[in-house]
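To start, the structure under review is shown below, and the notes come after it.
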Amino acid sequence: GQQVMQIPQYQHVQEGEDFTTYCNSSTTLSNIQWYKQRPGGHPVFLIQLVKSGEVKKQKRLTFQFGEAKKNSSLHITATQTTDVGTYFCAPYNTDKLIFGTGTRLQVFP
Amino acid sequence: KAGVTQTPRYLIKTRGQQVTLSCSPISGHRSVSWYQQTPGQGLQFLFEYFSETQRNKGNFPGRFSGRQFSNSRSEMNVSTLELGDSALYLCASSPRRTGANVLTFGAGSRLTVL
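The structure is reproduced here in structure tokens:
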């Protein structure tokens, strides 16, 4: 079946540093969503990407969808302590959302 | 409007027992999906219900089942509990099935099997 790997698995950064997580699929994706889960919380929708090469920004967050639609990335500029949590990519495949392995971000003040 | 409500929030069971978890979706949402989250396996898709019919199923044994009622509320049941069933069970609702819907998750039901 489809495998969705995210790297890195963990990332510790100093507040103010940048952070990037990558999502890689073994198959071509029709679209992909990103979710954030705070410690002790539940996943919350961030954004959806549909088009090849698409780039979307939300304040300090930049989301990209690869040209081949097999990978995606989330970049956070100048991290803040509020960015702490696990970030999941979630491709939509055969009528269901499959979640990636997640990247846990820890931000030190 | 109210979000997705899951009950109970926490429960402890012993091996061999069975458990039923409940999910009330956002008003007007007709699709309900269930996920199991564990530290080792991450977020795993269990099943999706729409209009009282199971539309999709993940790779879980038959001990895991669910249903959806006419008011879109959903329940999932796990029979003959095993230690490995300890997990956070998340329910998510979305308005419809067509296209890539955005999921709104509930707070989850944390199950501990002893």
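One line per chain: the protein sequences are A and B, in this order.
The first sequence: position 16 = 1430 (the working numbering), numbered continuously.
The second sequence: position 96 = 105 (the working numbering), numbered continuously.
Just so you know, even glycine gets a beta-carbon here, dropped at the ideal spot from N, CA and C.
Remember, it's a predicted structure, so these values are computed and weren't measured experimentally.
Residues that residue i contacts on chain A, provided the C-beta gap is smaller than 7 Å
i: Leu-112 (chain B); result: Phe-1459 and Leu-1511
i: Glu-61 (chain B); result: What Glu-61 (chain B) touches in chain A: nothing, since even the nearest Cβ is about 17 Å away.
i: Glu-84 (chain B); result: Here the premise fails: no neighbours, minimum Cβ distance about 19 Å.
Residue-chain proximity (residue i, chain C), Cβ-Cβ < 8 Å
i: Gly-1516 (chain A); result: As a matter of chain content, chain C is missing from the structure shown, whose protein chains are A and B.
Beta carbon proximity, residue i to chain B, threshold 8 Å
i: Phe-1479 (chain A); result: no
i: Gln-1447 (chain A); result: yes
i: Phe-1502 (chain A); result: yes
i: Gln-1425 (chain A); result: no
i: Gln-1462 (chain A); result: yes
Interface residues of chain A facing residue i [CB-CB closer than 9 Å]
i: Arg-64 (chain B); result: Asp-1509 and Lys-1510
Beta carbon proximity, residue i to chain A, threshold 8 Å
i: Phe-54 (chain B); result: yes
i: Gly-49 (chain B); result: no
i: Leu-20 (chain B); result: no
i: Leu-99 (chain B); result: yes
i: Glu-91 (chain B); result: no
Chain A contact residues for residue i, given Cβ-Cβ distances below 8 Å
i: Ala-116 (chain B); result: Gly-1455 and His-1456
Three-way DSSP call (helix, strand, coil) for residue i in this model
i: Leu-92 (chain B); result: helix
i: Pro-13 (chain B); result: The sequence shown places Val at residue 13 (chain B), rather than the Pro named in the question. Here Val-13 (chain B) sits in coil by DSSP.
i: Asn-86 (chain B); result: strand
i: Gln-1420 (chain A); result: strand
i: Ser-60 (chain B); result: coil
i: Phe-40 (chain B); result: Checking the sequence shown, residue 40 (chain B) turns out to be Ser, not Phe. It is a strand residue.
i: Val-1464 (chain A); result: coil
Candidates the options: closest to residue i by CA position
i: Phe-54 (chain B); options: B:Thr-121, B:Leu-123, B:Leu-20 and B:Asn-68; result: B:Asn-68
i: Phe-114 (chain B); options: A:Phe-1433, A:Pro-1505, A:Gly-1455 and A:Gly-1430; result: A:Gly-1455
i: Ser-36 (chain B); options: B:Ser-102, B:Thr-121 and B:Asn-110; result: B:Ser-102
i: Gln-46 (chain B); options: B:Ala-96, B:Leu-20, B:Leu-120 and B:Val-87; result: B:Ala-96
i: Gly-12 (chain B); options: B:Val-87, B:Arg-82 and B:Gly-71; result: B:Arg-82
i: His-1426 (chain A); options: A:Ile-1490, A:Ile-1512, A:Gly-1514 and A:Thr-1515; result: A:Ile-1490
i: Val-41 (chain B); options: B:Leu-120, B:Gly-49 and B:Val-111; result: B:Val-111
i: Arg-1518 (chain A); options: A:Gly-1467, A:Phe-1433 and A:Glu-1429; result: A:Phe-1433
Under 7 Å from the C-beta of residue i: neighbouring residues of chain B
i: Gln-1520 (chain A); result: The premise fails here: Gln-1520 (chain A) is roughly 16 Å from chain B at the closest Cβ pair, so nothing lies under 7 Å.
_beta strand (DSSP E) runs contained entirely in the segment 1484-1519 of chain A, provided each spans 3 or more residues_ = Correct list: 1485-1490 and 1499-1507.
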